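There are 2 protein chains.
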Amino acid sequence: MPALIFDLDGTLVDTVYAHVFAWQRALAEAGLAVDGWRIHRRIGMSGGLFTRAVARELGREITTEEAERLQRRHGELFQQFLPERRALPGAPELLRALRDARVPHGIATSGRRPEIDRSLDVLGIGPETIVVERGDVLRAKPAPDLFLNCQQRLRVPVDDCYVVGDAVWDLLAARRARMLCIGLLSGGYGEDELTRAGAFRVYRDPAELHASLDELGVLP
Amino acid sequence: MPALIFDLDGTLVDTVYAHVFAWQRALAEAGLAVDGWRIHRRIGMSGGLFTRAVARELGREITTEEAERLQRRHGELFQQFLPERRALPGAPELLRALRDARVPHGIATSGRRPEIDRSLDVLGIGPETIVVERGDVLRAKPAPDLFLNCQQRLRVPVDDCYVVGDAVWDLLAARRARMLCIGLLSGGYGEDELTRAGAFRVYRDPAELHASLDELGVLP
């Protein structure tokens, strides 16, 4: 039976727009004006890659200290803007069903503890679930490391893993890991963008994925 | 020479993500949990249509007073989150070039004064430019009224009008007005979404549109 490896933000929790807006404000405070849509299309990369990409676009150098300061300020604003977390529709139920049916699954996120703890809480994810975070690997998405680390800890062959994500960076990282990938619209990308980036199926949100598991050969 | 009718938010000013997030918080405060991506895909409709669509999705009635309270709270949060306005790249330059070349053009927005005043200021739009706002027509986008009102005030035939917008609601309203339409990615829709909704060209932002005016037969 296939294993499922999930991205977190935008895939299981409804945090993308708060992240976009927190980045936009953090960058604006530092005198860096970046269009909202360009930030949105980069969410899901590691924070380090993100700040470098933004700086390149603005045509200026960004020091490591400046990048760290921006990431810290983003984190503060994110907490302030979105004090609570909210699971996307159907996400806790989907994860519970996978646990109950003993379908191998895990989380692989560019986020870090303790920032992601509240998201895991609201999803009902306990210590029995494998969670790979930014600090566990050298390179974040779109490198395949997070997904490969999760796959190894699940002890499932690469060919049996599906990656579920909302961003083209998830899909690119999945393809580099030689895994099949499923897109969700809940991060705000369009269906065609996800299909073109390699998703073999696109669902609206975790609830629709849950209702479609038999299409994927999961849960016989 | 063709005339250009512009949407405002997401097309000329970088406000879409602040609007999405202000709506999400206003709805959450009222106990209405709505996914960010679903809000994003509805921005650009009138506030009235928007709240009705949201309520229908949540499967509950929403009173006129409740809808008005939500719109008011959205306006407050929007001001708080985004105290300043920022033009999208190339927008003031594009509008100046159109004025200088005496290309007929106007603005047609689902927004209202005085909320839109700061956006018009930052774009350098003075009283010489025709601005059609929500209060000037009975029905907002996706009804064609805003664009038809602008076209009539420009005294240009419908066949000679291009609509420039970032949302599928702009494109739908433009097609209902029998006008050709151009999409911009600066509101965060994907290129295919805009093309499928009827855009005959899609550009990144006003700067790329400006650089492409000769493709459109504007400015000989």
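Chains A and B supply the protein sequences, listed in that same order. Residue numbers 1472 to 1691, in this note's numbering, belong to the letters of the first sequence in order. Residue numbers 1472 to 1691, in this note's numbering, belong to the letters of the second sequence in order. The C-beta atom is built at its ideal place from N, Cα and C for all residues, glycine as well. Bear in mind that the values here come from a model prediction, so they are computed numbers and not experimental data.
Got a sec: is the Cβ-Cβ distance from residue i to anything in chain A below 7 angstroms?
{"i": "Gly1561/B", "result": "no"}
{"i": "His1511/B", "result": "yes"}
{"i": "Thr1488/B", "result": "A small fix is needed here, since residue 1488/B is Tyr in this sequence, not Thr. Chain A, which has a Cβ nearer than 7 angstroms to the Cβ of Tyr1488/B, makes this yes."}
{"i": "Asp1663/B", "result": "yes"}
{"i": "Asp1478/B", "result": "no"}
Using 7 angstroms as the limit for Cβ to Cβ distance, is residue i near chain B?
{"i": "Gly1659/A", "result": "yes"}
{"i": "Asp1485/A", "result": "yes"}
{"i": "Phe1492/A", "result": "yes"}
{"i": "Trp1640/A", "result": "no"}
Could you spell out the range, first to last residue, of the alpha helix (DSSP H) harbouring residue i?
{"i": "Phe1552/A", "result": "1535-1552"}
{"i": "Ile1692/A", "result": "Beyond the ends of chain A as shown, which are 1472 and 1691, falls residue 1692/A; an answer cannot be given."}
{"i": "Ala1489/B", "result": "1487-1500"}
{"i": "Ser1593/A", "result": "Checking the sequence shown, residue 1593/A turns out to be Val, not Ser. Residues 1588-1594."}
{"i": "Ile1510/A", "result": "1507-1511"}
{"i": "Val1639/B", "result": "1639-1647"}
{"i": "Leu1665/B", "result": "1662-1667"}
Just the chain B side, please: which residues come within less than 8 angstroms of residue i by C-beta, in chain order?
{"i": "Asp1506/A", "result": "Asp1485, Leu1559, Pro1560, Ser1657, Asp1676"}
At a CB-CB cut-off below 8 angstroms, which residues of chain A make contact with residue i?
{"i": "Gln1623/B", "result": "In chain order: nothing, as chain A lies at least about 32 angstroms away."}
In the DSSP assignment, find the beta strand (DSSP E) that holds residue i and state where it starts and stops.
{"i": "Arg1557/B", "result": "Careful: Arg1557/B lies outside any beta strand (DSSP E) and carries neither H nor E."}
{"i": "Val1634/B", "result": "1632-1636"}
{"i": "Arg1675/A", "result": "Unbroken run through Arg1675/A: none, as it is neither H nor E."}
{"i": "Phe1521/A", "result": "Segment 1518-1529 is the alpha helix (DSSP H) holding Phe1521/A; no beta strand (DSSP E) there."}
{"i": "Phe1477/A", "result": "1474-1477"}
{"i": "Leu1617/B", "result": "No beta strand (DSSP E) holds Leu1617/B; the alpha helix (DSSP H) holding it covers 1616-1625."}
{"i": "Leu1651/B", "result": "1651-1655"}
{"i": "Ile1601/B", "result": "1601-1603"}
Mind checking if residue i is an interface residue toward chain C, Cβ cutoff 7 angstroms exclusive?
{"i": "Arg1543/B", "result": "Note that chain C does not occur in the displayed structure, where the protein chains are A and B."}
* Is there contact here, the region 1531-1539 of chain B with the region 1512-1527 of chain A, by at least three beta-carbon pairs under 8 angstroms? -> no
* To do: Output, in sequence order along the chain, the residues in the region 1543-1558 of chain A whose CB is closer than 9 angstroms to any CB in chain B.
  => Phe1552, Leu1553, Glu1555, Arg1557
* Is it true that the region 1626-1638 of chain A meets the region 1473-1489 of chain B, where meeting means three or more beta-carbon pairs spaced less than 8 angstroms apart? -> no
* Asked: Okay, do the region 1564-1577 of chain B and the region 1524-1535 of chain B touch, 3+ Cβ pairs below 8 angstroms being the bar?
  -> no
* Asked: Are there three or more Cβ pairs, one per stretch, closer than 8 angstroms when the region 1609-1627 of chain A is compared with the region 1571-1590 of chain A?
  -> yes
* May I ask you to verify whether the region 1544-1555 of chain B touches the region 1611-1619 of chain B, counting CB pairs closer than 8 angstroms and requiring at least 3? => no
* Meets three-Cβ-pair contact criterion under 8 angstroms: the region 1499-1507 of chain B and the region 1652-1661 of chain B -> no
* Asked: Can we say the region 1472-1481 of chain B touches the region 1656-1671 of chain A, given the rule of at least three CB pairs closer than 8 angstroms?
  -> no
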